[in-house]
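Below is one structure, written out as structure tokens, with a few remarks after it.
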Amino acid sequence: MLTSMKVILDHAHKNHYAVMAMNSINMEMVRGAIMAAQEEYSPMIIQFGCGQMKNHAHLEEMVPMITELAGRVSVPIALNLDHATDYQIIADCINKGFTNIMFDGSALPYEENVERTAVVTAMAHAVGCSVEGELGHVGMAADSDDTNVDLYTNPEQALDFVERTGVDALAVAVGTAHGDYPAGKIPQLDFERLALLKKTVNMPLVLHGGSGSGEENLRKAVQYGINKVNVATDAFSVGKKAMLDALEREPKMDYMHMCMEAEKGIKQFVKNYMNILGSAGQYRFLDAVATGNE
Ligand code: 13P
Numbered sequence: 010m011l012t013s014m015k016v017i018l019d020h021a022h023k024n025h026y027a028v029m030a031m032n033s034i035n036m037e038m039v040r041g042a043i044m045a046a047q048e049e050y051s052p053m054i055i056q057f058g059c060g061q062m063k064n065h066a067h068l069e070e071m072v073p074m075i076t077e078l079a080g081r082v083s084v085p086i087a088l089n090l091d092h093a094t095d096y097q098i099i100a101d102c103i104n105k106g107f108t109n110i111m112f113d114g115s116a117l118p119y120e121e122n123v124e125r126t127a128v129v130t131a132m133a134h135a136v137g138c139s140v141e142g143e144l145g146h147v148g149m150a151a152d153s154d155d156t157n158v159d160l161y162t163n164p165e166q167a168l169d170f171v172e173r174t175g176v177d178a179l180a181v182a183v184g185t186a187h188g189d190y191p192a193g194k195i196p197q198l199d200f201e202r203l204a205l206l207k208k209t210v211n212m213p214l215v216l217h218g219g220s221g222s223g224e225e226n227l228r229k230a231v232q233y234g235i236n237k238v239n240v241a242t243d244a245f246s247v248g249k250k251a252m253l254d255a256l257e258r259e260p261k262m263d264y265m266h267m268c269m270e271a272e273k274g275i276k277q278f279v280k281n282y283m284n285i286l287g288s289a290g291q292y293r294f295l296d297a298v299a300t301g302n303e
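According to my numbering, the sequence shown holds residues 10 to 303 in order.
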């Protein structure tokens with residue numbers, strides 16, 4: 010069922026695990042992810058950003074499809090607008106039924122980030138939609154932003170930020186970056202900073218730039234307090250590779266079967282993530298509720 014992201018992340022924060030948030034731009038990605046969630050008894054966050062929405066994943070088409078698919082399963086599914094900055098787009102998404110808005114003011118001067126994030130929180134909370142803010146700046150792997158400590162989140166400032174904005178979750182910069190890292194590189198995360206951030210703000214924390222982080226880093230990030238991991242680049246690569254591999258095996262494969270291969274690949278990819286992040290099995294009790302064997 011479509012659920013508030015706050016409800017999902019508060020459970021993850023309390024029970025020390027993380028939830029995958031996958032940028033999903035079509036039916037195959039959404040259905041693969043939601044079916045993975047149902048089969049793994051895991052929560053899941055479906056998200057897409059403003060560019061993806063403009064180019065391909067149109068709001069008017071995606072929301073009814075996601076609502077329908079989420080409504081067929083008993084595990085909680087959130088719908089998040091990723092990296093939003095425009096108030097009008099945010100209002101449209103809230104009106105259309107998004108259950109969370111990620112407002113990204115991380116490139117703004119601090120006071121402006123506080124001010125604008127607080128406006129979005131007020132708008133969203135008025136109708137029961139939750140909000141993720143970002144402090145510090147998670148930049149691009151291609152620009153080596155992951156190693157730029159000047160961009161990392163300051164714990165003391167983070168406390169001020171969450172108190173003044175009322176955000177429900179906070180995206181932190183601790184050594185990851187968006188996009189592909191140079192071949193062979195695995196980022197080095199500042200776990201000490203992450204632990205201090207968690208202790209200081211004591212709320213759900215978000216890791217952006219999940220792609221290419223490596224299983225060990227992801228497991229450790231969860232141990233140190235991350236409750237949501239954003240993944241885009243690797244998910245798109247998995248879908249593309251599944252199609253290309255299928256075509257290589259069967260050069261005459263038609264388009265529909267290629268789409269089905271992509272969905273199968275995405276579903277397995279999401280299941281693996283759910284097991285790494287510890288979200289798999291968290292909602293197994295729903296089975297007992299459904300069969301009356303509580
Ligand atoms: P990646 O593309 O590096 O996985 O980052 C995704 C992300 O953080 C979306 O907000």
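Each residue gets a CB set at the ideal place from its N, CA and C atoms; glycine is no exception.
Because the structure is a prediction, the values reported are computed rather than measured.
* To do: Inspect the beta-carbon positions of Ala178 and Leu11 and report whether they are closer than 8 Å.
  => Counting from 1 along the sequence shown, the entry for residue 178 is found at position 169. Counting from 1 along the sequence shown, the entry for residue 11 is found at position 2. No, Cβ-Cβ distance for Ala178 and Leu11 is not below 8 Å.
* So, using beta-carbon positions, are Lys237 and Ser139 closer together than 8 Å? -> By one-based count along the sequence shown, residue 237 stands at place 228. By one-based count along the sequence shown, residue 139 stands at place 130. Contact flag unset, no.
* If you draw a straight line from the alpha carbon of Glu49 to that of Leu88, how long is it in whole angstroms? -> Indexing the sequence shown from 1 puts residue 49 at position 40. Indexing the sequence shown from 1 puts residue 88 at position 79. Answer to the nearest angstrom: the Cα atoms are 19 Å apart.
* Asked: Can we count Thr162 as close to the ligand 13P, meaning its CB is less than 7 Å from some heavy atom?
  -> Locating residue 162 in the sequence shown gives position 153, counting from the first residue. No, Cβ of Thr162 sits at least 7 Å from all heavy atoms of the ligand 13P.
* Assigned exposure category for Ile54 - 16 Cβ within 10 Å defines buried -> For the purposes of this step, residue 54 is taken as the residue at position 45 of the sequence shown. Label assigned to Ile54: buried.
* In three-state terms, what does DSSP make of Phe107? -> As a working note, residue 107 is residue 98 in the sequence shown. Phe107: coil per DSSP, three-state reduction.
* Just mark Met62 as buried or exposed, buried being the case when its beta carbon has 16 or more other beta carbons within 10 Å. => Counted from its first residue, the sequence shown places residue 62 at position 53. Burial call: buried.
* Asked: Comparing alpha-carbon positions, which option in Asp159, Asp263, Ala93, Leu206 lies nearest Gly60?
  -> Looking up residue 60 in the sequence shown gives position 51. Nearest C-alpha to Gly60: Ala93.
* Asked: In angstroms, rounded to a whole number, what distance separates the CA positions of Leu256 and Ile34?
  -> In the sequence shown, residue 256 corresponds to position 247, counting from 1. In the sequence shown, residue 34 corresponds to position 25, counting from 1. Taking the straight line from one Cα to the other gives about 22 Å.
* Between Ile145 and Val181, which are expected to be in contact by the criterion C-beta below 8 Å, what is the C-beta distance as a whole number of angstroms? -> Reading the sequence shown from its first residue, position 136 is the one you call residue 145. Reading the sequence shown from its first residue, position 172 is the one you call residue 181. Per the sequence shown, the amino acid found at residue 145 is Gly instead of Ile. Going by Cβ atoms, the distance from Gly145 to Val181 rounds to 6 Å, so yes, they are a contact pair.
* To do: Note down, one range per segment and in chain order, each alpha helix (DSSP H) of at least 4 residues found wholly within the region 71 to 128.
  => 96 to 105
* Asked: So the beta strand (DSSP E) Asn32 belongs to, where does it begin and stop?
  -> The residue given as residue 32 occupies position 23 in the sequence shown. Unbroken beta strand (DSSP E) run through Asn32: 28 to 32.
* Asked: Cα separation between Tyr26 and Arg258?
  -> Taking the first residue of the sequence shown as 1, we reach residue 26 at position 17. Taking the first residue of the sequence shown as 1, we reach residue 258 at position 249. Distance between the alpha carbons of Tyr26 and Arg258 is about 38 Å.
* **Anticipated Cβ contact below 8 Å, Ala241 with Ile275, distance rounded** => By 1-based counting over the sequence shown, the position of residue 241 is 232. By 1-based counting over the sequence shown, the position of residue 275 is 266. About 12 Å; that fails the 8 Å criterion.
* Asked: Where does Thr174 land, buried or exposed, given buried means 16+ other C-beta within 10 angstroms?
  -> By 1-based counting over the sequence shown, the position of residue 174 is 165. So Thr174 counts as buried.
* Determine the DSSP secondary structure at His20, reduced to helix, strand or coil. => Taking the sequence shown and counting its residues from 1, one reaches residue 20 at position 11. Helix.
* Please find out if some non-hydrogen atom of the ligand 13P comes closer than 7 Å to the beta-carbon of Ser220. => What you label residue 220 is simply residue 211 of the sequence shown in a count that begins at 1. Yes, the Cβ of Ser220 comes within 7 Å of a heavy atom of the ligand 13P.
* To do: Examine the ligand PLP and report whether any of its heavy atoms sits within less than 7 Å of the Cβ of Asn32.
  => Looking at this structure, you won't find the ligand PLP anywhere; what it does contain is the ligand 13P.
* **Gly188 beta carbon near the ligand 13P (any heavy atom closer than 7 Å)** => Working through the sequence shown from its first residue, we reach residue 188 at position 179. Yes, since a heavy atom of the ligand 13P falls inside the 7 Å radius drawn around the Cβ of Gly188.
* Asked: Would you say His146 touches the ligand 13P, meaning its beta carbon is less than 7 Å from a heavy atom?
  -> As a position in the sequence shown, residue 146 is number 137, starting the count at 1. False, no ligand heavy atom lies under 7 Å from that Cβ.
* Starting from the Cα of Leu160, find the closest Cα among Gly184, Ser13, Gly234 and give me that residue. => In the sequence shown, counting from the first residue as 1, residue 160 sits at position 151. Cα-wise, what sits closest to Leu160 is Gly184.
* **Per-residue burial, Asn211 [other beta carbons within 10 Å of its own, 16 or more giving buried]** => By 1-based counting over the sequence shown, the position of residue 211 is 202. Exposed, since its Cβ has fewer than 16 Cβ neighbours within 10 Å.
* To do: Give the secondary structure of Leu256 by DSSP, where H, G and I count as helix, E and B as strand, and everything else as coil.
  => Position 247 of the sequence shown, counting from 1, holds the residue named residue 256. Looking at Leu256 - three-state DSSP - the assignment turns out to be helix.
* Asked: Looking at C-beta atoms only, is the number of pairs between the region 150 to 157 and the region 109 to 127 that lie closer than 8 Å three or more?
  -> no
* Work out the CA separation of Ile235 and Pro164 for me, nearest whole Å. => Counted from its first residue, the sequence shown places residue 164 at position 155. Counted from its first residue, the sequence shown places residue 235 at position 226. If you take the alpha carbons of Pro164 and Ile235, they lie about 14 Å apart.
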